[in-house]
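Read the structure below first, then the notes.
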Amino acid sequence: MIEDDIYRTSSQYRLWSYTEPSLQSLRATTNAVASERVRAALRRSREAHQSTATSEAGTPLPESNTEVKNRDEKDVECLTPEEELVLVRYYCEKTLELGETYKPPLPTMVRATAIQYLRRFYLTNSPMTYHPKSIMACALFVATKTDNYYISLRQFADGIPGDTTTEDVIAPEFLLMQGLRFTFDVRHPFRGLEGGVMELQAIAQGQGQPAPHLPHETAEDLQQGLLSIAPPPVPSSSMSDRIARAHGTTRELLKSAAQMTDAYFLYTPSQIWFSAFLLADRPLAEFLLDVKLGGPVTATIPAPETDENGLVNPLYEIRSKLHHVLTECSALLQSYTPLSSDPAQMKNLKRIAKKLYHCQNPEKVNLAAAQKRESTQPSTAVQSDAGVVTSESETERLAKKRKLEQEQKVRQEDDVFGPELVTQRTKQ
Amino acid sequence: MALSPFGSRSPSMTVHSPNTAIRLRATAAQKSFTEPASAAVSRPVQNGDRELTEQLNIDVRERYVKDKKVGEGTYAVVYVGHLRHDPSSLVAIKKIKVNAEYKDGLAMDAVREVKYLQELKHPNVIALHDVFSSKDQNLSLVLEFLPGGDLEMLIKDSDIHYGVADIKAWMGMLARGVWWCHENFVLHRDIKPNNLLIASDGEVKLADFGLARSFADPLFNMTHQVITRWYRPPELLYGARQYSGAVDIWSMGMVFAELLLRVPFVAGNTDLDQTSKICEAFGTPTEENWPGVSKLPYYIATDKAHLVPLQGRDFFMRQFPTAGPVGADLLMSMCALDPRKRSTAVQCLRHNWWTIEPRPTRNEDLPRKSGGTKKMGDDLTRRGGELDEGMFKSAARQLDFGMK
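Going down the list, the protein sequences come from chains A and B. Residues 1 to 428 in the UniProt record's numbering are what the first sequence spells out, letter by letter. Residues 1 to 404 in the UniProt record's numbering are what the second sequence spells out, letter by letter.
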C-alpha cells in the first residue's frame with residue numbers, strides 16, 4: 001500500500017477533488033439554481049409590496065401592474081459564476097487577515113482550513129444566497145475547532161474588529177457544516193514541504209538517504225549532486241541558507257496562492273507544494289525530484305534517460321506525467337495576485353459588490369435572527385407512528401414554517417405599509 | 001501467511017461511493033432547477049425553496065429508517081435502524097444531543113468523532129456510513145451496526161472461555177485498526193476494552209473517536225488529560241504535552257494484558273496511584289532507563305531505596321504465562337516505559353508472535369455473547385474519555401478478588 005492509496009481514502013479526494021471541467025460545471029449549476037431562487041424570492045417580496053401598495057391605493061389598475069412586474073423582473077441581474085468566484089476569493093483573503101488580528105495570530109493551518117471551508121461551501125452555495133461576509137467568521141471559528149486550536153466563541157467573537165456578536169458567528173455553523181457535507185479534514189501541503197526541506201538539509205549535510213530504486217547512491221554522491229546544481233534565483237551564502245530561503249518563499253506561496261486559487265480542488269497536497277517549490281527555486285526542486293524519481297526530464301530531452309547500465313529509468317513515465325502536472329499547477333499558483341493590491345481587480349470587486357446588493361436573496365439575509373427565531377420556539381418534535389425519520393422532521397418543518405409566517409405577519413403589522421397580504425400565497 | 005494489515009473485508013453494508021455523492025450533487029442541482037416541484041424521492045411536502053445542500057441532507061436522511069432506541073446517555077441517543085430500501089441492512093444511528101450549556105455550536109467530541117471517522121475507512125475501525133442533520137439541527141451519525149458487544153463484556157463474563165488463539169485474533173484486529181489510525185496521522189487517545197466493539201461476524205472495531213486528534217506538528221503542545229486512567233501511559237501521567245502514537249500502543253499493551261489476565265493489569269484509584277502501580281509493575285522510570293523523563297512536569301523522583309528495577313523479559317513471561325515467551329516479548333515491547341523505546345504499530349504488526357502457533361482463531365469461531373446490541377448502545381452514547389463509573393466499581397471488586 002502506498003501513500004497515494006491512503007490519500008485516495010481521504011474525504012478531500014473522495015468529495016473535494018475535481019477536474020477543471022467538472023469544477024466549472026458544478027459552479028455553473030450552483031449559480032443557475034441560486035439565480036432562479038433569487039429571482040423567485042425577489043418576485044415574492046415585490047408581490048408582497050405591490051399588494052400592500054394596491055390595498056393602500058384602493059382600486060388597482062391590472063395592466064400597469066403587470067407592466068411594472070415585467071420590467072422589474074428583467075431588472076434582476078444575477079451574478080455570473082466568475083463574479084461569484086471573485087467575491088469568494090476576496091473573502092478568503094479577508095479570512096487570512098482576520099486570522100492575523102488575533103493575539104497571537106491564529107496558526108496558518110487554521111486559517112488555511114477556514115479558507116478551504118469557504119471555497120468548498122461555495123461550490124454548492126451561492127454568495128447571492130449566503131453572503132460570504134456572514135459565513136467567513138463562522139468558517140474560521142469552525143476551523144479552530146476542527147484543527148485543534150479551539151478558543152471559546154466569546155473570545156473568538158471579541159477578537160473580530162467591529163461589533164460582531166457571538167450569535168453572528170455561530171448562526172451559520174450548521175449551514176456551513178452541511179455545505180461541507182460533514183467532512184472537516186483538509187489535507188494541506190505544509191507538512192509535505194517540511195519533510196522535503198528536512199530531507200534536503202540532510203543531503204546538504206551529507207546525511208542523505210538514497211531512494212529505494214537507486215541503492216548505489218551514497219550520501220556523498222547526493223551531497224555532491226546537490227552542491228553542483230544550477231545557481232539559485234537569488235544568490236545565497238550557503239546551501240543551507242539557499243534551502244531555508246526556498247522554504248520560506250514556498251511557504252508564502254502555500255499560504256497565499258495555493259489557498260486563493262483552485263489548487264486544492266485540482267491537485268494533491270504533494271503536487272501543490274512541489275509546484276510552489278519549483279517557483280521558489282527550480283534547480284533545487286528538480287534536484288529533489290531527481291533524487292526521488294531519477295533522471296532529469298525537460299522539454300529539450302527527447303528520449304528517456306538511461307542509467308549507467310543502459311537501462312531506461314523505470315520511473316520515467318511517472319516523472320514525465322508529474323512534470324506536466326507540476327507545470328500546470330505552478331502556472332495556476334503563479335497566476336494569483338492578491339485582489340487588495342490590484343486596483344483593477346478592486347474596481348471590478350466593487351462593481352460586483354454593488355451588483356450583489358441588488359441580487360441578494362432577501363429571504364436569507366439575517367441568519368442570526370432566523371436562528372434566534374428557531375431557538376426560542378419550543379421543540380415540536382413529533383414522533384410519528386412509523387418512527388420514520390422523515391415524517392418527524394417534516395412535521396417539525398411545517399410547524400416552524402407556520403410559526404415563521406405567523407411571526408412575519410406580526411412584524412409586518414408594525415410596518416408603515418400595513419400587514420403583509422401574502423398569506424394567500426401559502427394557500428395556493 | 002502473516003496477517004495482512006487490512007484483514008478481511010467486513011461483509012456489512014456497502015458504503016456509498018464518493019462518486020455517487022458527486023453525481024448526486026449534480027443531479028440534485030439539475031432536478032431542483034428544472035423541475036422544482038418533483039423529486040427523486042417521494043415525500044409528503046415538496047418545497048421548492050430548499051437549498052441544494054439542504055436537499056442533499058434530506059436525501060441522506062431519507063435513506064434510513066430508525067427502528068428502536070438501544071441506548072441513551074447524556075451525550076447521545078443511539079437507535080438501531082436500517083436502510084429504507086433494504087430492511088435487512090442494519091445500522092446504528094447515533095443522535096448527538098444538543099447541550100444547552102454549551103453555546104459554542106457543535107460540541108468538540110462530536111466534531112472530532114465526525115472529522116476522523118470520515119477519513120478512517122478500515123475493517124477494524126467502526127464505519128461511518130453517513131451523517132445527516134434533522135431540522136432541529138441535531139446531528140445524527142449513521143454507524144456500522146455492531147451487535148457483538150465489546151471486548152470488556154467478553155473479558156468480564158466468567159461463562160465465556162477463551163484462549164491464546166482468540167486473544168491473538170482480537171489483538172491482531174486491534175493492532176491493524178491502530179496501525180491504520182497512525183498511518184493517517186490520527187491518535188485515538190482512548191483505547192480500552194469497552195471501545196473495542198464486535199461485529200456480527202466477530203470482527204473487532206475501534207470505536208469512540210471523541211478524544212482523537214491529528215498528530216501535532218513538532219513543538220506544538222497537546223493536552224495530557226486523555227486516555228482512561230488504567231490505559232494511560234506513564235508519559236501522560238507525568239504531564240507530557242508532546243507525544244506520539246506510542247500513547248495508543250501503551251493502551252494496546254494494557255488491553256493485551258487484560259485479555260490475558262481477565263482483570264485490568266494496572267488499575268490505579270487516582271492518577272498518582274496509577275503512576276505508582278505502573279512503577280511497581282514495570283520498574284521506576286529514571287534518567288538511565290528513560291532519558292529526559294525527569295524534565296516532565298509531574299515527574300517525581302523516587303528515592304534510591306524504593307527504586308524498582310526495570311522489569312525484563314522473565315518478568316513478563318512469569319506474569320503472562322499464557323502468552324508464551326514470544327507473546328510476552330510482544331507485550332513487553334508495547335509496555336516500554338520510555339515512549340521512544342516502545343514499539344510502533346508497524347513494529348507490533350511485524351512481530352513474529354502473529355505467525356507462530358497457535359494460529360489466530362478465525363472470526364466465525366471466536367467466542368461470542370448475546371445481548372451485544374444493548375452494549376453497543378451504551379458504548380456509543382458514552383462521551384469520549386468519560387469515566388464509566390459502573391465499570392470502575394465492578395472492576396474494583398474484581399481487583400480485590402484478584403488479590404486474594
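Just so it is clear, CB atoms sit at the ideal spot from N, CA and C, and this is done for glycine as well.
So for residue i, helix, strand or coil by DSSP?
{"i": "ALA92 (chain B)", "result": "strand"}
{"i": "VAL164 (chain B)", "result": "helix"}
{"i": "LYS69 (chain B)", "result": "strand"}
{"i": "GLY327 (chain B)", "result": "helix"}
{"i": "THR380 (chain A)", "result": "Low confidence applies to THR380 (chain A): its pLDDT is 38, below 50, so where it sits in the model is not reliable, and the reading given next is rough at best. Looking at THR380 (chain A) - three-state DSSP - the assignment turns out to be coil, as it is neither helix nor strand."}
{"i": "VAL234 (chain A)", "result": "coil"}
{"i": "ALA280 (chain A)", "result": "helix"}
{"i": "THR166 (chain A)", "result": "helix"}
{"i": "HIS188 (chain A)", "result": "coil"}
{"i": "GLN274 (chain B)", "result": "helix"}
{"i": "LYS369 (chain B)", "result": "coil"}
{"i": "ASN289 (chain B)", "result": "coil"}
{"i": "PRO339 (chain B)", "result": "coil"}
{"i": "PHE316 (chain B)", "result": "helix"}
{"i": "GLY195 (chain A)", "result": "helix"}
{"i": "ARG43 (chain A)", "result": "helix"}
{"i": "ALA344 (chain A)", "result": "helix"}
{"i": "ILE352 (chain A)", "result": "helix"}
{"i": "PHE182 (chain A)", "result": "coil"}
{"i": "HIS351 (chain B)", "result": "coil"}
{"i": "LYS103 (chain B)", "result": "coil"}
{"i": "SER25 (chain A)", "result": "helix"}
{"i": "VAL365 (chain A)", "result": "coil"}
{"i": "LEU226 (chain A)", "result": "helix"}
{"i": "TYR13 (chain A)", "result": "helix"}
Less than 8 angstroms between the C-beta atoms of residue i and residue j, yes or no?
{"i": "PHE282 (chain B)", "j": "LEU331 (chain B)", "result": "no"}
{"i": "GLN178 (chain A)", "j": "THR53 (chain B)", "result": "yes"}
{"i": "VAL291 (chain A)", "j": "HIS247 (chain A)", "result": "no"}
{"i": "VAL91 (chain B)", "j": "TYR64 (chain B)", "result": "yes"}
{"i": "LYS255 (chain A)", "j": "ALA112 (chain A)", "result": "yes"}
{"i": "SER133 (chain B)", "j": "LEU139 (chain B)", "result": "yes"}
{"i": "LEU106 (chain B)", "j": "VAL186 (chain B)", "result": "no"}
{"i": "ASP104 (chain B)", "j": "LEU153 (chain A)", "result": "yes"}
{"i": "GLY208 (chain A)", "j": "SER270 (chain A)", "result": "no"}
{"i": "TYR243 (chain B)", "j": "ILE191 (chain B)", "result": "no"}
{"i": "LEU42 (chain A)", "j": "TYR117 (chain A)", "result": "no"}
{"i": "TRP180 (chain B)", "j": "VAL125 (chain B)", "result": "yes"}
Please confirm whether any heavy atom of the ligand NAP lies closer than 7 angstroms to the CB of residue i.
{"i": "CYS279 (chain B)", "result": "This structure does not include the ligand NAP; it has no bound ligands of any sort."}
Could you list which residues in chain A have their beta carbon closer than 8 angstroms to that of residue i, in chain order?
{"i": "ASN221 (chain B)", "result": "Within 8 angstroms Cβ-Cβ: nothing; ASN221 (chain B) doesn't reach chain A, min ~10 angstroms."}
Tell me, please, which residues DSSP counts as bridged to residue i.
{"i": "HIS82 (chain B)", "result": "B:VAL65, B:LEU90"}
{"i": "PHE282 (chain B)", "result": "For PHE282 (chain B), which the question treats as bridged, DSSP gives no partner whatsoever."}
{"i": "ALA76 (chain B)", "result": "B:ILE96"}
{"i": "ILE6 (chain A)", "result": "Paired residue(s): none; ILE6 (chain A) is not in a bridge."}
{"i": "ILE198 (chain B)", "result": "B:VAL204"}
Report the neighbours of residue i on chain B: residues whose CB is nearer than 9 angstroms to its CB, in chain order.
{"i": "GLN116 (chain A)", "result": "In chain order: nothing, as chain B lies at least about 14 angstroms away."}
{"i": "VAL76 (chain A)", "result": "The premise fails here: VAL76 (chain A) is roughly 17 angstroms from chain B at the closest Cβ pair, so nothing lies under 9 angstroms."}
If the cut is a Cβ gap below 7 angstroms, which residues of chain B does residue i touch?
{"i": "ASP185 (chain A)", "result": "LYS115, GLN118, GLU119"}
{"i": "LYS145 (chain A)", "result": "MET108, VAL111"}
{"i": "SER11 (chain A)", "result": "GLN118, GLU119"}
{"i": "PHE265 (chain A)", "result": "The premise fails here: PHE265 (chain A) is roughly 12 angstroms from chain B at the closest Cβ pair, so nothing lies under 7 angstroms."}
{"i": "THR108 (chain A)", "result": "The contacting residues do not exist; THR108 (chain A) stays about 10 angstroms from chain B at best."}
{"i": "TYR150 (chain A)", "result": "MET108"}
Just the chain B side, please: which residues come within less than 8 angstroms of residue i by C-beta, in chain order?
{"i": "MET136 (chain A)", "result": "The premise fails here: MET136 (chain A) is roughly 15 angstroms from chain B at the closest Cβ pair, so nothing lies under 8 angstroms."}
{"i": "THR113 (chain A)", "result": "Here the premise fails: no neighbours, minimum Cβ distance about 11 angstroms."}
{"i": "ILE6 (chain A)", "result": "GLU183, ASN184"}
{"i": "VAL197 (chain A)", "result": "In chain order: nothing, as chain B lies at least about 13 angstroms away."}
For residue i, go through chain A and note every residue whose CB falls closer than 7 angstroms to its CB, in chain order.
{"i": "GLN137 (chain B)", "result": "PHE174"}
Within the region 78-140 of chain A, note down every full alpha helix (DSSP H) run reaching 4 residues or more, in order along the chain. 81-101, 108-124
Sequence ranges, beta strand (DSSP E) only - wholly within the region 114-192 of chain B, length at least 3: 128-133, 139-144
Inside the region 200-270 of chain B only - alpha helix (DSSP H) runs reaching at least 4 residues: 234-237, 246-261
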